[in-house]
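Numbering of the sequence shown is given in our numbering, commencing with residue 6 and proceeding in unit increments.
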Amino acid sequence: MGIIKQASTVLFCSLLAAGALLVGCSSENNSDKRYNEAVDVAKTQPQAEEKAAASASASAASAASASAPSAPAQASDASAPAPLQISANNVVKNDSGKVLYNPNKKYGSLWESELFSDQRFQLKIKLSAAEQKEAKILARSFESHMERGKYFMHYLLSELKARNLPAELAAIPLVESGFKLRAKSHANAHGPWQFTRRTGKSFGLTVTSSYDEFYDFIASTEASLTYLEHLYQALDQDWELAFIAYNQGEFGVKKSIRRAKAAGVKKINAQTIPLTKTARTYLSRVRCYADILHHPESYGVKHPEVSDHAAFKRIELAGTVNSMKEVAKLSGVDLETLKHLNAGYLTDSLKTNKDHGLLVPVEHVLKLETAIAMLSPKDTANQRLADQGAAHGSGAADQRTINPNSNGITRGTTQDVALN
Numbered sequence: 006m007g008i009i010k011q012a013s014t015v016l017f018c019s020l021l022a023a024g025a026l027l028v029g030c031s032s033e034n035n036s037d038k039r040y041n042e043a044v045d046v047a048k049t050q051p052q053a054e055e056k057a058a059a060s061a062s063a064s065a066a067s068a069a070s071a072s073a074p075s076a077p078a079q080a081s082d083a084s085a086p087a088p089l090q091i092s093a094n095n096v097v098k099n100d101s102g103k104v105l106y107n108p109n110k111k112y113g114s115l116w117e118s119e120l121f122s123d124q125r126f127q128l129k130i131k132l133s134a135a136e137q138k139e140a141k142i143l144a145r146s147f148e149s150h151m152e153r154g155k156y157f158m159h160y161l162l163s164e165l166k167a168r169n170l171p172a173e174l175a176a177i178p179l180v181e182s183g184f185k186l187r188a189k190s191h192a193n194a195h196g197p198w199q200f201t202r203r204t205g206k207s208f209g210l211t212v213t214s215s216y217d218e219f220y221d222f223i224a225s226t227e228a229s230l231t232y233l234e235h236l237y238q239a240l241d242q243d244w245e246l247a248f249i250a251y252n253q254g255e256f257g258v259k260k261s262i263r264r265a266k267a268a269g270v271k272k273i274n275a276q277t278i279p280l281t282k283t284a285r286t287y288l289s290r291v292r293c294y295a296d297i298l299h300h301p302e303s304y305g306v307k308h309p310e311v312s313d314h315a316a317f318k319r320i321e322l323a324g325t326v327n328s329m330k331e332v333a334k335l336s337g338v339d340l341e342t343l344k345h346l347n348a349g350y351l352t353d354s355l356k357t358n359k360d361h362g363l364l365v366p367v368e369h370v371l372k373l374e375t376a377i378a379m380l381s382p383k384d385t386a387n388q389r390l391a392d393q394g395a396a397h398g399s400g401a402a403d404q405r406t407i408n409p410n411s412n413g414i415t416r417g418t419t420q421d422v423a424l425n
């Protein structure tokens, strides 16, 4: 009898130990479960959207046919926490409350909108016979260039309108890079607008080991349009001279103007001042691409399909997700599309010395925001503390930037630039 009692005691203790171990494992995996739940929400979101209308109809029918005895059960269900859902009625808004995208609204084409009206093309370009011939050659690459740039066209045309700048300026990234955001030239020019490091730095663009604002379309566009406005004012409000100066440099064009005036030229413009062949070729290409952009049908090409609404929204991740691959999983956005929209990030890591956020296509914003909301605030805070500790241990205060006067990387401070 004593042996049986002893065996029973050992068995009971073993069961207690196994139960404690299972509880411990469950606690350790809570964070992973929450992340997996967030991914599941992102994956099932399309089905939720498709069934939103059906669910609403079913709920209405159920309420109409409900009898009095079922009321207690409904009250019991109401006390349960409501699951996070994404409805097809949700709209995407910016921080100021402006609607960027409404999934229930039918949007027309960007190319038929006020942003692209004939009135927005203020330069009234008329190509010469030689330019028309060149434009037909350049048109062969137009569609491929515009396919890369389609995500940015609504933003770019909106910025031009907001600044009251001619729509023809949208041709410059076509000429400079064909909307290749990581484009580099032998003259040390970078990004879609092909800023040199020296000029870009003077207009607020920064570079660190993890983020390059020259490749950030929003940051580089703001800097480039500000630069073009400056050139326009500095060169007697002549856009063609401003285009040449954008390529050749402001002081080179001013020198040519002085030479023309010294020679007795009264009417100063791009046709009357001495220019290099390279400068004239560049101006011709800007004019050609501007005409193709305005009248693609004349060259047998088409604009890409772009709707007249914001194409993306900047999401502030604030350390909740630190990998672009993770964002792709949570949002359902193709990874290559995310990389294209966010070319400023030099690696998959979203950890930078400054919170740049992430541009996400508007159709996927609600998926991502809902998935992020599923992540535990406690886990997020712990992750931020861990990131700060890792940064401190690696000497993050010793920031690295590109010195525009040198081909190497030097130590120094970086300047914050608003990217709103």
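Ideal placement from N, C-alpha and C gives every residue a C-beta, glycine not left out.
*Closest by CA to ASN95, which one among VAL367, LYS166 and ALA378?*
Locating residue 95 in the sequence shown gives position 90, where the first residue counts as 1. Taking the Cα of ASN95 as reference, the smallest distance to any Cα among VAL367, LYS166 and ALA378 is reached at VAL367.
*When you compare each of LYS372, HIS150 and LYS166 to ASP123 by their alpha carbons, which one comes out closest?*
As a position in the sequence shown, residue 123 is number 118, starting the count at 1. Nearest of LYS372, HIS150 and LYS166 to ASP123, Cα basis: LYS166.
_Between ALA376, PRO309 and ASP313, which has its C-alpha nearest ALA333's C-alpha?_
Within the sequence shown, the letter at position 328 stands for residue 333. The option with the nearest alpha carbon to ALA333 is ALA376.
*Could you name the residues that DSSP lists as bridge partners for HIS195?*
Counting from 1 along the sequence shown, the entry for residue 195 is found at position 190. Bridge partners of HIS195: LYS189 and PHE200.
*Are there three or more Cβ pairs, one per stretch, closer than 8 Å when the segment 358-365 is compared with the segment 319-333?*
yes
*Go to LYS372, then tell me how far its alpha helix (DSSP H) extends in each direction, as first and last residue.*
Mapped onto the sequence shown, residue 372 falls at position 367. Where LYS372 is concerned, the enclosing alpha helix (DSSP H) stretches over 367-379.
*Have a look at the DSSP bridge pairing and note the partners of SER312.*
Position 307 of the sequence shown, counted from the start, is the residue given in the question as residue 312. In the DSSP output, where bridge partners are listed per residue, SER312 has SER114.
*Minimum length 3: unbroken beta strand (DSSP E) runs contained in the segment 285-368*: 317-320 and 363-366
*Give the range of the beta strand (DSSP E) segment to which TYR220 is assigned.*
As a position in the sequence shown, residue 220 is number 215, starting the count at 1. Where TYR220 is concerned, there is no enclosing beta strand (DSSP E), given that its DSSP letter is neither H nor E.
_With three or more C-beta pairs closer than 8 Å as the rule, is the segment 272-283 touching the segment 205-225?_
Proximity of the segment 205-225 to the segment 272-283 falls short of the contact definition, fewer than three beta-carbon pairs being nearer than 8 Å.
_Applying the 10 Å Cβ sphere with the 16-neighbour rule, what's the burial state of ASN169?_
Here residue 169 corresponds to residue number 164 of the sequence shown, with the count starting at 1. That one is exposed.
*Got a sec, what are the start and stop residues for the beta strand (DSSP E) VAL104 sits in?*
What you label residue 104 is simply residue 99 of the sequence shown in a count that begins at 1. Where VAL104 is concerned, the enclosing beta strand (DSSP E) stretches over 104-106.
_7 Å Cβ shell around ALA61 - same chain, five flanking residues per side excluded_ = For this step, residue 61 is matched to residue 56 along the sequence shown. Caution is warranted here: a pLDDT of 41 is assigned to ALA61, below 50, making its placement in the model unreliable, and no coordinate value can be reported.
_Spatial neighbours of ASP243 in its chain, beta-carbon cut-off 7 Å, leaving aside the 5 residues before and after_ = Start at 1 with the first residue of the sequence shown, and residue 243 comes out as number 238. So the qualifying residues of the chain are ASN274.
_For a quick check, are the C-beta atoms of GLY349 and ASP217 less than 7 Å apart?_
Numbered from its first residue, the sequence shown carries residue 349 at position 344. Numbered from its first residue, the sequence shown carries residue 217 at position 212. Yes, the Cβ-Cβ distance between GLY349 and ASP217 is below 7 Å.
*Are LEU162 and LEU128 touching if we call contact CB-CB under 7 Å?*
Numbered from 1 along the sequence shown, position 157 holds the residue referred to as residue 162. Numbered from 1 along the sequence shown, position 123 holds the residue referred to as residue 128. It is not a contact, given that the beta carbons lie outside the stated cut-off.
*By how many angstroms is the C-alpha of ALA378 removed from the C-alpha of SER229?*
Within the sequence shown, the letter at position 224 stands for residue 229. Within the sequence shown, the letter at position 373 stands for residue 378. Approximately 36 Å, taken between the alpha carbons.
*So ALA172 and ILE297 are in contact, right, with Cβ under 8 Å, and what is the actual spacing, rounded?*
Here residue 172 corresponds to residue number 167 of the sequence shown, with the count starting at 1. Here residue 297 corresponds to residue number 292 of the sequence shown, with the count starting at 1. Actually they do not touch by this definition, with Cβ atoms about 13 Å apart.
*In its own chain, which residues sit with a C-beta less than 7 Å from the C-beta of ALA284, not counting the 5 before and 5 after it?*
To locate residue 284, count along the sequence shown from 1; it is residue 279. Around ALA284: ILE249, ASN252 and GLN253.
*Which residues in the same chain as ARG292 place their Cβ atom closer than 7 Å to its Cβ, once the five residues preceding and following it in sequence are excluded?*
Position 287 of the sequence shown, counted from the start, is the residue given in the question as residue 292. If we look at ARG292 and ignore the five residues flanking it on each side, its Cβ neighbours are ILE130, LEU132 and GLU136.
*In whole angstroms, what is the alpha-carbon distance linking TRP198 and LYS260?*
For the purposes of this step, residue 198 is taken as residue 193 along the sequence shown, with counting starting at 1. For the purposes of this step, residue 260 is taken as residue 255 along the sequence shown, with counting starting at 1. So the alpha carbons of these two residues sit roughly 24 Å apart.
*With 16 as the cutoff for other CB atoms within 10 Å, does SER190 come out buried or exposed?*
In the sequence shown, residue 190 corresponds to position 185, counting from 1. With fewer than 16 other Cβ atoms within 10 Å, it is exposed.
*LYS155: which of TYR106, PRO178, GLU374 and LYS141 sits nearest, CA to CA?*
Within the sequence shown, the letter at position 150 stands for residue 155. Among TYR106, PRO178, GLU374 and LYS141, the Cα nearest to that of LYS155 belongs to PRO178.
*Just reading off the alpha helix (DSSP H) that LYS266 is part of, what are its end residues?*
Along the sequence shown, read from residue 1 onward, the residue named residue 266 stands at position 261. Per DSSP, LYS266 belongs to the alpha helix (DSSP H) from 255-267.
*Who does VAL97 pair with in a DSSP beta bridge?*
The residue labelled residue 97 in the question sits at position 92 within the sequence shown. Partner(s): TYR106.
_Since LYS98 and VAL104 should fall inside the 8 Å C-beta cutoff, what is the C-beta to C-beta distance between them, to a whole number of angstroms?_
Here residue 98 refers to the residue found at position 93 of the sequence shown. Here residue 104 refers to the residue found at position 99 of the sequence shown. Confirmed, Cβ separation roughly 5 Å.
*asked:* Measuring only the C-alpha atoms, how far is LYS356 from LEU343?
replied: Translated into the one-based positions of the sequence shown, residue 356 becomes position 351. Translated into the one-based positions of the sequence shown, residue 343 becomes position 338. Straight-line Cα distance between these residues: approximately 16 Å.
*So what does VAL212 bridge to, in DSSP terms?*
Here residue 212 refers to the residue found at position 207 when the sequence shown is read from its first residue. Looking at the DSSP assignment, VAL212 forms a beta bridge with ASP217.
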